[in-house]
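*Asks:*
Numbering (my numbering), first residue to last: 6 to 250.
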């Protein structure tokens with residue numbers, strides 16, 4: 006998979022998906038999240054539910070901070086779509102991500118994002134919906150992980166300069182037997198690329214510099230607009246054609 010984070014093409018890969026047509030998504034209004042709460046339940050607006058929860062230190066004070074993935078539960082966002090001669094329900098309810106820091110008596114709001122999670126527009130996409138494996142806290146950073154029909158992607162954030170900032174991005178995938186992986190480190194300004202066919206023992210690798218050191222904050226990232234490849238110098242790395250050897 007090329008270094009590409011506008012993942013609609015990956016999400017919709019596959020013959021079943023190609024035969025489907027996107028539905029018109031019902032309009033939703035996102036809630037105003039509270040500035041503080043005594044516990045996780047206090048951050049959950051009416052009509053929303055917790056999908057995933059993680060606790061761990063994110064701001065270096067050795068207290069267990071809180072990360073939640075929330076999902077709207079409005080029945081109006083469950084639409085009926087045609088499947089053959091019948092219809093079946095499609096849940097288009099949106100998700101959002103919330104980060105809250107521990108403090109005396111509870112938690113205070115730190116950051117949120119609703120652009121990382123694409124609302125479902127059609128069935129049979131092969132992507133996994135947000136779940137407990139979507140978020141992790143590792144080495145003081147927040148990792149948001151996505152698994153798709155033919156690949157995966159992850160974003161790594163760290164609390165720096167008063168905000169949750171993107172410090173790393175990884176993706177991998179398979180296309181025509183060619184396995185590719187990209188790892189971008191926004192702190193060192195370097196990217197590592199790998200490519201190789203499934204049935205071959207050796208991979209091609211390359212190290213590239215970044216043309217941009219911009220580290221967007223968590224609240225500003227939109228999956229449909231974020232393009233990781235724009236920050237990497239040079240051409241994408243693909244598998245060598247065995248016929249050219």
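The C-beta atom is built at its ideal place from N, Cα and C for all residues, glycine as well.
Between which two residues does the beta strand (DSSP E) holding residue 87 run?
*Replies:* If you number the chain shown from 1, residue 87 lands on position 82. Unbroken beta strand (DSSP E) run through residue 87: 83-88.
*Asks:* Looking only at its chain, what residues have a beta carbon closer than 6 Å to the beta carbon of residue 164, apart from the 5 residues adjacent to it on each side?
*Replies:* Residue numbering aside, residue 164 sits at position 159 when the chain shown is read from its first letter. Closer than 6 Å at the Cβ level, and outside the excluded window around residue 164, lie 63, 64.
*Asks:* Return the first residue and the last residue of the beta strand (DSSP E) that residue 146 is part of.
*Replies:* As a working mapping, residue 146 is identified with position 141 in the chain shown. First-last of the beta strand (DSSP E) with residue 146: 146-152.
*Asks:* Note down, in chain order, each residue of its chain lying with its Cβ closer than 7 Å to the Cβ of residue 24, except the 5 sequence neighbours on either side.
*Replies:* Numbered from 1 along the chain shown, position 19 holds the residue referred to as residue 24. Because residue 24 carries a pLDDT of 41, less than 50, the predicted location of this residue cannot be relied on, and the following value inherits that uncertainty. Nothing meets the Cβ criterion.
*Asks:* Below 8 Å on the Cβ atoms is my guess for residue 128 versus residue 86; work out the distance and round it to an integer in Å.
*Replies:* As a working mapping, residue 128 is identified with position 123 in the chain shown. As a working mapping, residue 86 is identified with position 81 in the chain shown. Yes, they are in contact, since the Cβ atoms of residue 128 and residue 86 sit about 7 Å apart, within 8 Å.
*Asks:* How many angstroms separate the CA atom of residue 178 from the CA atom of residue 157?
*Replies:* Residue 178 sits at position 173 when you count from the first residue of the chain shown. Residue 157 sits at position 152 when you count from the first residue of the chain shown. When rounded, the distance between both Cα atoms is 6 Å.
*Asks:* Between which two residues does the beta strand (DSSP E) holding residue 175 run?
*Replies:* By one-based count along the chain shown, residue 175 stands at place 170. Counting along the chain, the beta strand (DSSP E) containing residue 175 begins and ends at 168-180.
*Asks:* With distances taken between CB atoms, is the gap from residue 75 to residue 60 smaller than 9 Å?
*Replies:* In the chain shown, the residue the question calls residue 75 occupies position 70. In the chain shown, the residue the question calls residue 60 occupies position 55. Contact flag unset, no.
*Asks:* Is it the case that the stretch 210-218 contacts the stretch 179-198, given that we only count it when at least three CB pairs across the two stretches are under 8 Å?
*Replies:* The answer is yes - the stretch 210-218 touches the stretch 179-198, with three or more Cβ pairs under 8 Å.
*Asks:* What does the alpha-carbon distance come out to for the pair residue 30 and residue 184?
*Replies:* Here residue 30 refers to the residue found at position 25 of the chain shown. Here residue 184 refers to the residue found at position 179 of the chain shown. One C-alpha to the other measures close to 34 Å.
*Asks:* Looking only at C-alpha atoms, which of 90, 232, 176 sits nearest to residue 154?
*Replies:* For the purposes of this step, residue 154 is taken as residue 149 along the chain shown, with counting starting at 1. It is 176.
*Asks:* What residue range does the beta strand (DSSP E) around residue 194 cover?
*Replies:* Locating residue 194 in the chain shown gives position 189, counting from the first residue. Here residue 194 belongs to no beta strand (DSSP E), and DSSP marks it neither H nor E.
*Asks:* Secondary structure at residue 19, three-state DSSP: helix, strand or coil?
*Replies:* Translated into positions along the chain shown, residue 19 becomes position 14. Only weak support exists for where residue 19 lies, its pLDDT of 37 falling under 50; the value from the coordinates is given anyway. Reduced to three states, the DSSP call for residue 19 is coil.
*Asks:* I'd like to check one pair, residue 114 with residue 99: are the Cβ atoms closer than 9 Å?
*Replies:* Position 94 of the chain shown, counting from 1, holds the residue named residue 99. Position 109 of the chain shown, counting from 1, holds the residue named residue 114. No, the Cβ-Cβ distance between residue 99 and residue 114 is not below 9 Å.
*Asks:* Around the C-beta of residue 136, are 16 or more other C-beta atoms found within 10 angstroms, so that it is buried, or is it exposed?
*Replies:* Counting from one through the chain shown, the residue named residue 136 turns up at place 131. Counting Cβ neighbours within 10 Å, residue 136 comes out exposed, since fewer than 16 surround it.
*Asks:* Ignore the nearest five residues each way along the sequence and tell me which others in residue 220's own chain have a CB closer than 7 Å to its CB.
*Replies:* Working through the chain shown from its first residue, we reach residue 220 at position 215. Hits under 7 Å: 170, 171, 172, 191.
*Asks:* State yes or no: is the C-beta of residue 240 within less than 9 Å of the C-beta of residue 216?
*Replies:* Locating residue 240 in the chain shown gives position 235, counting from the first residue. Locating residue 216 in the chain shown gives position 211, counting from the first residue. Against a cut-off of 9 Å, the Cβ pair of residue 216 and residue 240 comes out as no contact.
*Asks:* From the DSSP output, in three-state form, read off residue 68 for me.
*Replies:* Counting from one through the chain shown, the residue named residue 68 turns up at place 63. Looking at residue 68 - three-state DSSP - the assignment turns out to be coil, as it is neither helix nor strand.
*Asks:* My output table needs one value for residue 224: the three-state DSSP class, helix, strand or coil.
*Replies:* Here residue 224 refers to the residue found at position 219 of the chain shown. DSSP places residue 224 in helix when its eight states are reduced to three.
*Asks:* Rounded to the nearest angstrom, what separates residue 13 and residue 48 at their Cα positions?
*Replies:* Taking the chain shown and counting its residues from 1, one reaches residue 13 at position 8. Taking the chain shown and counting its residues from 1, one reaches residue 48 at position 43. Residue confidence for residue 13 is low, a pLDDT of 40 falling below 50, so the modelled location carries little weight and cannot support an answer.
*Asks:* If you draw a straight line from the C-alpha of residue 229 to the C-alpha of residue 68, how long is it?
*Replies:* Counting from 1 along the chain shown, the entry for residue 229 is found at position 224. Counting from 1 along the chain shown, the entry for residue 68 is found at position 63. So the alpha carbons of these two residues sit roughly 34 Å apart.
*Asks:* Buried or exposed for residue 231, going by 16 or more other Cβ atoms inside 10 Å?
*Replies:* Translated into the one-based positions of the chain shown, residue 231 becomes position 226. It is buried - the Cβ of residue 231 has at least 16 other Cβ atoms within 10 Å.
*Asks:* As a quick exercise: from 28, 37, 245, 92, pick the residue whose alpha carbon is nearest that of residue 207.
*Replies:* Within the chain shown, residue 207 is the residue found at index 202, counting from 1. Nearest C-alpha to residue 207: 245.
*Asks:* Quick check: what's the CA-CA separation for residue 93 versus residue 105?
*Replies:* The residue labelled residue 93 in the question sits at position 88 within the chain shown. The residue labelled residue 105 in the question sits at position 100 within the chain shown. Looking at the two C-alpha atoms, the distance is approximately 37 Å.
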